[in-house]
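Undergrad: Per the numbering used here, residue 39 is the first one in the sequence shown, and the count goes up by one each step.
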Amino acid sequence: MDSPAVALAWTCAAGRAVGEELSGRVAWGFFLFVWSIYLADRLIDAARCPDWSLVPERLRFGQRHRGWFLVALCGSLVATLVLALGVSGEIFRRVLMVAPGVPLYFALFVKPLSGRKLPGKEFVIGFFCTLPIWVAFGWHREFALTLPIYAGLVACNCLLIASRERDLDRRLDPGAATAWWRTLDRDLNWMGLGLAAAGAVGLALGFSGHRERYAAFLGAEILAALALVCLHRQASRLSAGRVRLLADLCLLGPAVCAAV
39 MDSPAVALAW
49 TCAAGRAVGE
59 ELSGRVAWGF
69 FLFVWSIYLA
79 DRLIDAARCP
89 DWSLVPERLR
99 FGQRHRGWFL
109 VALCGSLVAT
119 LVLALGVSGE
129 IFRRVLMVAP
139 GVPLYFALFV
149 KPLSGRKLPG
159 KEFVIGFFCT
169 LPIWVAFGWH
179 REFALTLPIY
189 AGLVACNCLL
199 IASRERDLDR
209 RLDPGAATAW
219 WRTLDRDLNW
229 MGLGLAAAGA
239 VGLALGFSGH
249 RERYAAFLGA
259 EILAALALVC
269 LHRQASRLSA
279 GRVRLLADLC
289 LLGPAVCAAV
């Protein structure tokens with residue numbers, strides 16, 4: 039549930055930053071939709087794993103309970119469709135505009151038809167995480183800065199986890215970021231600091247009619263970026279599972295603070 043919770047928290051925070059509230063129907067729809075993508079990704083991982091003795095317990099759990107994962111996936115897709123039918127026409131049109139990107143994402147970055155993944159999956163995930171914000175609230179000038187930073191934070195989160203799970207990826211996922219990004223460990227520090235600096239520039243410019251809420255959102259982005267940098271510098275001393283948990287908390291905690 040970590041991925042949909044993070045996406046929903048940042049969507050709520052983005053709405054508050056521009057003076058809008060997220061309706062319950064749309065919120066549940068986004069949560070279930072992101073969860074559906076997560077479940078589908080896990081099912082594909084379970085189907086293609088060549089040796090289960092090499093993988094951590096969280097992946098073996100998915101393999102043991104594939105039937106329940108499939109039931110949950112079907113149920114969440116049906117519930118998402120039902121919720122989508124009740125939203126406003128404008129939001130529904132935006133949903134239809136972004137929906138084709140989901141099968142394209144799986145065809146290129148998860149289970150490619152050519153058999154070889156395209157690089158950059160983590161950045162695509164970051165971009166996809168910004169789409170619920172646009173679908174829910176449309177375009178606001180504040181999003182010109184906040185959404186790219188948010189996309190970068192999500193990518194940084196994914197890359198940090200990939201960096202810590204480098205040995206596992208070498209055995210099971212030759213298309214992972216650690217295979218093509220040789221200086222990933224070093225660049226993650228600069229990436230996080232760059233995102234924090236961009237947020238600080240946004241605070242200095244302050245181009246928003248909702249200054250306090252906008253500042254809270256940018257402050258959450260700065261805090262998340264710095265937290266990810268600190269975690270990355272300590273990651274070698276922690277287990278891969280703990281790094282994964284803390285990386286998600288680095289995103290979730292600041293977003294919740296900005297959303298309330």
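Think of the CB as a built atom: it goes at the ideal place given N, C-alpha and C, for glycine as much as any other residue. Computed from a predicted model, the values in this text were never measured in an experiment.
At 4 residues or longer, what runs of the alpha helix (DSSP H) sit wholly inside the segment 124 to 200?
TA: Fully enclosed alpha helix (DSSP H) runs of 4 or longer: 127 to 136, 139 to 143 and 159 to 175.
Undergrad: Please determine if the segment 247 to 258 and the segment 270 to 282 are in contact, where contact requires at least 3 C-beta pairs separated by less than 8 Å.
TA: These segments do not touch.
Undergrad: List the whole-angstrom C-beta distance separating V267 from G230, where the pair is believed to meet the contact cut-off of C-beta under 8 Å.
TA: Yes, they are in contact, since the Cβ atoms of V267 and G230 sit about 4 Å apart, within 8 Å.
Undergrad: Please classify R220: does DSSP put it in a helix, a strand, or coil?
TA: Three-state result, R220: coil.
Undergrad: Out of curiosity, what's the CA-to-CA distance linking V125 and R271?
TA: Looking at the two C-alpha atoms, the distance is approximately 44 Å.
Undergrad: Between the C-alpha atoms of A296 and Y76, what's the straight-line distance to the nearest angstrom?
TA: If I take the Cα positions, the gap works out to 25 Å.
Undergrad: Pop quiz: R54 and R220 are said to be a contact at Cβ under 8 Å. What is the actual Cβ separation, rounded to whole angstroms?
TA: So it is not a contact: roughly 40 Å between Cβ atoms.
Undergrad: What is the rounded straight-line gap between the Cα of F69 and the Cα of A242?
TA: Cα-Cα distance, rounded: 33 Å.
Undergrad: Could you give the DSSP three-state label for S277: helix, strand or coil?
TA: Note: S277 maps to coil in three-state DSSP.
Undergrad: Compare the C-beta of F144 against all C-beta atoms of chain B and say whether one is closer than 8 Å.
TA: The structure shown contains no chain B, having only a single protein chain.
Undergrad: Would you be able to state if there are at least three C-beta pairs under 8 Å between the segment 174 to 188 and the segment 141 to 148?
TA: The segment 141 to 148 vs the segment 174 to 188: no contact.
Undergrad: Assuming A200 and E160 are in contact, meaning their beta carbons sit under 8 Å apart, how far apart are those beta carbons, in whole angstroms?
TA: That pair is a contact at about 7 Å.
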